[in-house]
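Chains as they are written, first to last, in this note's numbering: chain A, 2 to 159; chain B, 2 to 159; chain C, 2 to 159.
Cβ atoms here follow ideal geometry from the backbone N, Cα and C, with glycine treated the same way.
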């Protein structure tokens, strides 16, 4: 499925900022990319393919995302590692009721404060995003991780 | 070389689906991205730079691609690993006789069923693609792998 | 921040060529992507966040870039490894005095001549680029490496 270049531009910019906000530790900016009635969750690919309901992390509205970032800020006074997302191109699935649905593959690297980088997770985002008057917002983001990671309660989002 | 945004959109969507179809184990969909007279081959960069003719995998029409996917399905009842491609932006080379030529760098990660992810291969695709009436199809894909991998007969495509 | 699709096209093509020119060992082509009064430097994220002035590599005009590539060519008769950059989408910051400012995350893999690939560096580019009459040129590129690498004098650029 292809889309108008203006649509790819808006949604590519949205996902680029999604990744850069996390990587640059601007988690409050990251929250602002979501709609109030958003749904953010992290699952593993294994569970999806087996039809299992396990969810590693789940926030079903924006206040829960805000709370989560607040908790993270209170517990971790300093950044404990650096994140770096590399996203592939958006793969569009469809449009319905004003929502664009697309997939984006990601690789996520983490670097320790000593400067060692390693692969942390790969997978894909299934995204529903709303375009309103030139602004794009995230309605749902489901992180489907190939890697069988177990993020702790205090981890940064993926 | 730059191109009209509509052209980048169509060919970026084509390559995004190329990667996602392999990663999501939709190999039959992957085959449908090619023209009937397609050419798909995997070579190593070392051989290309030394002018050696070695080819690790070669299908010089669409029926050979179909056969290969059929064989893979018959031998492997279940997926043995998860693939994840992260593609960079398209780097356009030229246009001739209705064919667009471009390069795309890729990184390919594999995740075992136990959930461990690792780097499997990096390299670039040299692609010739045809645009007809808003549809894009792959005429030739040459995978030039930096990594000196030896894909077996039963491996998934890169 | 979103931009006209034509602008994203031109600057994405510029960065795609930036990466491909290094990876394909066309360093002379890489130099030609810069303006005469360019500034190219490599710093670590740790130093940026601590406000330290350390710079791992610094060329503050195009002649210095040319000299550096010449030196590299004279010392290294053959390529000692293969580079492979995978860039994410451009994240636009602003436009001022005809200069577009944007960030691009990168992952850089190196492959030995024996064919083993490994992660070498991740980080981001902070770029200022000029668009003139359909041509795009790099005014400043600051490589902000998450990875605490120490490139030698003879290393290829990042």
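### Task
Classify residue 4 (chain A) as helix, strand or coil using the three-state DSSP reduction.
On the first chain, residue 4 (chain A) is found 3 positions in, with the first residue counted as 1. Looking at residue 4 (chain A) - three-state DSSP - the assignment turns out to be coil, as it is neither helix nor strand.
### Query
So which of C:51, C:69, C:44 and C:37 has the shortest CA-CA distance to residue 221 (chain C)?
This structure does not reach residue 221 (chain C), given that chain C is present from 2 up to 159, and the question cannot be answered.
### Query
Leaving out five residues before and five after residue 20 (chain A) in sequence, what residues of the same chain have Cβ atoms less than 6 Å from its Cβ?
As a first step, residue 20 (chain A) must be located in the first chain, where it is residue number 19. Contacts found: 86 and 88.
### Task
Give the C-beta separation of residue 81 (chain A) and residue 9 (chain A) to the nearest angstrom, bearing in mind that I take them to be a contact with Cβ-Cβ under 8 Å.
In the first chain, residue 81 (chain A) corresponds to position 80, counting from 1. In the first chain, residue 9 (chain A) corresponds to position 8, counting from 1. So it is not a contact: roughly 35 Å between Cβ atoms.
### Task
Going by CA-CA distance only, name the one from A:62, A:43 and A:135 that's closest to residue 54 (chain A).
Residue mapping note: residue 54 (chain A) aligns to position 53 of the first chain, counting from 1. Checking every option, the nearest Cα to that of residue 54 (chain A) belongs to A:43.
### Query
Exposed or buried, what is residue 171 (chain C) when buried is set at 16 or more other beta-carbons lying within 10 Å of its beta-carbon?
Lying before the first or after the last residue shown, residue 171 (chain C) is absent from chain C, which here runs from 2 to 159.
### Where the beta strand (DSSP E) containing residue 142 (chain B) begins and where it ends
The residue labelled residue 142 (chain B) in the question sits at position 141 within the second chain. Where residue 142 (chain B) is concerned, the enclosing beta strand (DSSP E) stretches over 136-146.
### Query
Mind checking if residue 118 (chain A) is an interface residue toward chain B, Cβ cutoff 8 Å exclusive?
For the purposes of this step, residue 118 (chain A) is taken as the residue at position 117 of the first chain. False, the Cβ-Cβ gap to chain B never drops below 8 Å.
### Task
With distances taken Cα to Cα, identify the nearest neighbour of residue 15 (chain C) among C:114, C:145, C:121 and C:101.
In the third chain, residue 15 (chain C) corresponds to position 14, counting from 1. The residue from C:114, C:145, C:121 and C:101 with its alpha-carbon nearest to that of residue 15 (chain C) is C:101.
### Task
Below 8 Å on the Cβ atoms is my guess for residue 150 (chain C) versus residue 122 (chain C); work out the distance and round it to an integer in Å.
Stepping through the third chain from its first residue, residue 150 (chain C) is reached at position 149. Stepping through the third chain from its first residue, residue 122 (chain C) is reached at position 121. Indeed, because the Cβ distance is near 5 Å, the residues count as touching under 8 Å.
### Message
If you measure between the beta carbons of residue 73 (chain C) and residue 112 (chain C), is that distance less than 8 Å?
### Response
One-based indexing of the third chain puts residue 73 (chain C) at position 72. One-based indexing of the third chain puts residue 112 (chain C) at position 111. Taking C-beta atoms as the reference points, residue 73 (chain C) and residue 112 (chain C) fail to come closer than 8 Å.
### Message
Strictly under 8 Å for the Cβ-Cβ distance: is residue 3 (chain B) near chain A by that measure?
### Response
Reading the second chain from its first residue, position 2 is the one you call residue 3 (chain B). Not one chain A Cβ lies under 8 Å of residue 3 (chain B).
### Task
Kindly indicate which residue of A:135, A:127, A:136 and A:139 has the alpha-carbon position closest to the one of residue 46 (chain A).
Position 45 of the first chain, counted from the start, is the residue given in the question as residue 46 (chain A). Closest option to residue 46 (chain A), Cα to Cα, is A:127.
### Task
Starting from the Cα of residue 159 (chain C), find the closest Cα among C:66, C:2, C:7 and C:36 and give me that residue.
The residue you call residue 159 (chain C) lines up with position 158 of the third chain. When only C-alpha atoms are compared, the closest one is C:66.
### Query
Which residue's Cα is closest to the Cα of residue 138 (chain C): C:26, C:41 and C:76?
Locating residue 138 (chain C) in the third chain gives position 137, where the first residue counts as 1. Residue 138 (chain C) has its Cα closest to that of C:41, out of C:26, C:41 and C:76.
### Task
Identify whether residue 17 (chain B) lies in helix, strand or coil by the three-state DSSP scheme.
As a position in the second chain, residue 17 (chain B) is number 16, starting the count at 1. Residue 17 (chain B) falls in the helix class under three-state DSSP.
### Query
In three-state terms, what does DSSP make of residue 156 (chain C)?
Counting from one through the third chain, the residue named residue 156 (chain C) turns up at place 155. Residue 156 (chain C) falls in the coil class under three-state DSSP.
### Task
May I ask you to check if the CB of residue 141 (chain B) is nearer than 7 Å to at least one heavy atom of the ligand ZN?
No copy of the ligand ZN appears in this structure; indeed no ligand is present at all.
### Query
In chain order, what residues of the same chain lie with their CB nearer than 7 Å to the CB of residue 29 (chain C), ignoring the 5 residues before and after it?
Within the third chain, numbered from 1, the residue matching residue 29 (chain C) stands at position 28. Within the same chain, 70 come within 7 Å of residue 29 (chain C) by CB-CB distance, once the 5 residues on both sides are set aside.
### Task
Please confirm if residue 93 (chain C) has its CB atom under 8 Å from at least one CB of chain A.
Position 92 of the third chain, counting from 1, holds the residue named residue 93 (chain C). Interface residue, yes.
### Task
Closer than 8 Å, Cβ to Cβ, to anything on chain A: give me those residues from the stretch 11-28 of chain B, in chain order.
11, 13, 14, 16, 17, 18, 20, 21 and 24
### Task
Alpha carbon to alpha carbon, how far is residue 11 (chain B) from residue 12 (chain A)? Give it in angstroms, no decimals.
Numbered from its first residue, the first chain carries residue 12 (chain A) at position 11. Numbered from its first residue, the second chain carries residue 11 (chain B) at position 10. Spanning the two alpha carbons is a distance of roughly 16 Å.
### CA nearest to the CA of residue 147 (chain C), picked from A:25, A:2 and A:4
Along the third chain, one-based indexing puts residue 147 (chain C) at 146. When only C-alpha atoms are compared, the closest one is A:25.
### Message
Could you give the first and the last residue of the continuous alpha helix (DSSP H) run that contains residue 66 (chain A)?
### Response
As a working note, residue 66 (chain A) is residue 65 in the first chain. From DSSP, the alpha helix (DSSP H) with residue 66 (chain A) extends over 63-76.
### Message
Which residue marks the beginning of the beta strand (DSSP E) containing residue 56 (chain A), and which one marks its end?
### Response
Looking up residue 56 (chain A) in the first chain gives position 55. No beta strand (DSSP E) holds residue 56 (chain A); DSSP gives it neither H nor E.
### Query
What's the gap between the Cα of residue 141 (chain C) and the Cα of residue 125 (chain C)?
As a working mapping, residue 141 (chain C) is identified with position 140 in the third chain. As a working mapping, residue 125 (chain C) is identified with position 124 in the third chain. A straight line joining the alpha-carbon of residue 141 (chain C) with that of residue 125 (chain C) spans about 13 Å.
### Query
Between residue 108 (chain C) and chain B, is there a C-beta pair that is closer than 8 Å?
Indexing the third chain from 1 puts residue 108 (chain C) at position 107. With 8 Å as the cut-off, residue 108 (chain C) counts as an interface residue toward chain B.
### Query
Taking Cβ positions only, does residue 148 (chain A) come closer than 8 Å to chain C?
Here residue 148 (chain A) is taken as the residue at index 147 of the first chain, counted from 1. Judged by the 8 Å Cβ criterion, residue 148 (chain A) is not in contact with chain C.
### Query
What are the complete beta strand (DSSP E) segments, minimum 3 residues, inside the stretch 87-130 of chain B?
92-97 and 100-113
#### Entry: Residue range of the beta strand (DSSP E) that includes residue 46 (chain B)
Taking the first residue of the second chain as 1, we reach residue 46 (chain B) at position 45. First-last for residue 46 (chain B): 46-50, but that is the alpha helix (DSSP H), not the beta strand (DSSP E).
### Query
Are the C-beta atoms of residue 159 (chain A) and some chain B residue less than 8 Å apart?
Here residue 159 (chain A) is taken as the residue at index 158 of the first chain, counted from 1. So no, residue 159 (chain A) is outside the interface.
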